[in-house]
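Colleague: I am attaching a structure below and will ask some questions about it afterwards.
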Ligand code: NAD
Ligand code: WQD
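What follows is the structure, given as structure tokens:
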């Protein structure tokens, strides 16, 4: 298949490109580099074995998307492109509605016009809000608590309606729990700009000495040790699920909504201990007040994905911490070179396919 990956330069998208290539699929990326940089491209070339076709394009640019779909025949789309910071979404809800909802509508219009009707959509466990019970099943009550979550829920509803009223469309909504880790090569990983919002990248930066101390948000939750419990999932397992979902859509033409998690809840302190073991470093931390909006405990019932897709998470917490630390220690400043919005990815920026990993990691 030739698969268009929106947001393919980002954390999860890049890993999905590697997983697609490993299963023999051809990949094209569109990304506006709002939260990524083109330094990922040479690394993707190294991991996939060929130069990556990447266009710097905002998915809300309908004319540019129409031109792309007119010039290239895609079999399917995986749609990662979105803004994803919960706190920022509360400060700038309209920006999130525009980027994440209008962006999806623009993409669906381009797909429909071109007759491309298979889509895998990046949804999130955030659509469950504060779950009534754990583990969370797909038929749990949906209840979002912030504008970012709203965009995920609205997108799911839009694509569900599209599949209902135009049965030629088939969409898989994949509800990720907490993606962490990195590719075991250390070539690609999570590269947050500024102060990380999420636990694992923050822990990585404390271990690397970039930040002094982790603040553990809340020590008085009704959980195993008082700290928040989440379902962390290795990004390599998550990436593989996208290929499984895509192949399922192509085979069956049936829409699908599934959780992607391990089914195991891990507390903040458990993650810290595992990270200290994997990195051999102490993580200074202090327990502070709860973070507003946080819930005590969320983890998935992943059994539907196992039944329908034959997918199961294979990598545990130790591998998540080991690979996150490997990525962090090899790339203390992430991918380094960031593009400006609107800047095109020049042909000269295409990856050196013969370069070795060492050269790429040195910035080659
Ligand atoms: P990311 O920010 O690393 O990747 C998103 C990519 O989309 C970035 O490269 C960004 O530049 C691009 N992008 C954003 N808006 C765009 C637009 N209008 N046009 C073109 N490109 C655009 O995020 P990620 O962690 O890789 O997340 C990927 C997807 O998974 C997102 O939809 C996110 O909401 C969803 N998700 C992420 C998590 C998580 O914890 N990382 C959890 C659940 C769901
Ligand atoms: C995990 C645990 C924190 C940072 C978020 C989004 C969700 C989804 C995934 C996109 C919690 C604690 C964190 C820190 C801490 N994203 N923590 N100190 O909040 O479960 O989910 O990312 O869809 O929508 O809300 O992930 O990594 O921020 O937090 O103690 O500095 O770590 O309180 O218990 P979260 P997280």
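In the working numbering, the protein residues as written are 643 to 1006.
Ideal placement from N, C-alpha and C gives every residue a C-beta, glycine not left out.
Bear in mind that the values here come from a model prediction, so they are computed numbers and not experimental data.
Does the Cβ of residue 698 have 16 or more other Cβ atoms within 10 Å, making it buried, or fewer, making it exposed?
Modeller: A residue is called buried when at least 16 other Cβ atoms come within 10 angstroms of its Cβ; residue 698 meets this threshold and is buried.
Colleague: Could you check what DSSP says for residue 740 in three-state terms: helix, strand or coil?
Modeller: Taken through DSSP and simplified to helix, strand or coil, residue 740 comes out as helix.
Colleague: Could you check the C-alpha separation between residue 861 and residue 707 for me, to the nearest Å?
Modeller: 48 Å
Colleague: Using 7 Å as the cut-off, classify the Cβ of residue 841 as near or not near the heavy atoms of the ligand WQD, replying yes or no.
Modeller: yes
Colleague: Take residue 654 as the anchor and find which of 644, 790, 786 and 724 has the nearest alpha-carbon.
Modeller: Ranking the options by Cα distance to residue 654, first place goes to 724.
Colleague: For the ligand WQD, any of its heavy atoms closer than 7 Å to the Cβ of residue 797?
Modeller: Outside the cutoff, so no.
Colleague: State yes or no: is the C-beta of residue 652 within less than 8 Å of the C-beta of residue 722?
Modeller: yes
Colleague: Alpha carbon to alpha carbon, how far is residue 809 from residue 892? Give it in angstroms, no decimals.
Modeller: Their backbone Cα atoms lie some 14 Å apart in a straight line.
Colleague: Would the C-beta of residue 844 count as close to the ligand WQD, meaning under 7 Å from any of its heavy atoms?
Modeller: The answer is yes for residue 844.
Colleague: For residue 772, name the three-state secondary structure that DSSP assigns.
Modeller: coil
Colleague: Rounding to the nearest angstrom, what Cα-Cα distance links residue 782 and residue 692 in this structure?
Modeller: 42 Å
Colleague: Are residue 873 and residue 899 touching if we call contact CB-CB under 8 Å?
Modeller: no
Colleague: Answer yes or no: do residue 856 and residue 871 have a C-beta to C-beta separation smaller than 8 Å?
Modeller: no
Colleague: Hey, would you say the C-beta of residue 766 is under 7 Å away from at least one heavy atom of the ligand NAD?
Modeller: yes
Colleague: Do you know offhand how far residue 659's Cα is from residue 670's?
Modeller: Cα to Cα, residue 659 sits roughly 9 Å from residue 670.
Colleague: Comparing the CB of residue 673 with every heavy atom of the ligand NAD, is any distance shorter than 7 Å?
Modeller: yes
Colleague: What is the rounded straight-line gap between the Cα of residue 800 and the Cα of residue 924?
Modeller: Answer to the nearest angstrom: the Cα atoms are 46 Å apart.
Colleague: Is it the case that the CB of residue 860 approaches a heavy atom of the ligand WQD more closely than 7 Å?
Modeller: yes
Colleague: Does the distance from the CB of residue 719 to the CB of residue 683 come in under 8 Å?
Modeller: no
Colleague: Looking at the unbroken beta strand (DSSP E) that takes in residue 855, where does it start and where does it end?
Modeller: Premise fails: residue 855 is in no beta strand (DSSP E) and is neither H nor E.
Colleague: Report the three-state DSSP secondary structure of residue 816 (helix, strand or coil).
Modeller: It is a strand residue.
Colleague: Tell me which same chain residues have a C-beta within less than 7 Å of the C-beta of residue 769, skipping the five on either side of it?
Modeller: Contacts found: 784, 786, 791, 794, 795, 798 and 817.
Colleague: At 3 residues or longer, and completely inside the region 940-986: list those beta strand (DSSP E) runs for me, N to C.
Modeller: none
Colleague: Looking at the ligand NAD, does it come within less than 7 Å of residue 954, judged from the CB to the closest heavy atom?
Modeller: For the ligand NAD, not one heavy atom lies less than 7 Å from the Cβ of residue 954.
Colleague: Does residue 716 pass the burial test, meaning 16 or more other C-beta atoms within 10 Å, or should it be called exposed?
Modeller: buried
Colleague: Would you kindly report the start and end of the unbroken alpha helix (DSSP H) that includes residue 746?
Modeller: 745-756
Colleague: So the candidates are 915, 643, 942 and 789; which of them puts its Cα closest to the Cα of residue 730?
Modeller: For the residues 915, 643, 942 and 789, the minimum Cα distance to residue 730 belongs to 789.
Colleague: Thinking just about the alpha-carbon of each residue, which of 661, 647 and 901 is nearest to the one in residue 673?
Modeller: Of the residues 661, 647 and 901, the one whose Cα lies closest to the Cα of residue 673 is 647.
Colleague: Just to confirm, are residue 805 and residue 735 a CB contact at a threshold of 8 Å?
Modeller: Cβ distance not < 8 Å, so residue 805 and residue 735 don't count as in contact.
Colleague: Please work out which residues of its chain come closer than 6 Å, Cβ to Cβ, to residue 837, disregarding the five sequence neighbours upstream and downstream, and give them in chain order.
Modeller: none
Colleague: If I follow the unbroken beta strand (DSSP E) through residue 671, where does it start and stop?
Modeller: 668-673
Colleague: Quick one: what's residue 765 bridged to in DSSP?
Modeller: 817
Colleague: Can you tell me whether residue 927 is helix, strand or coil according to DSSP?
Modeller: strand
Colleague: So, using beta-carbon positions, are residue 958 and residue 877 closer together than 8 Å?
Modeller: no
Colleague: Here's the rule: buried if 16 or more other CB atoms are within 10 angstroms of the residue's CB, otherwise exposed. What is residue 943?
Modeller: buried
Colleague: Return the CA-CA distance between residue 950 and residue 912, expressed in angstroms with no decimal places.
Modeller: 31 Å
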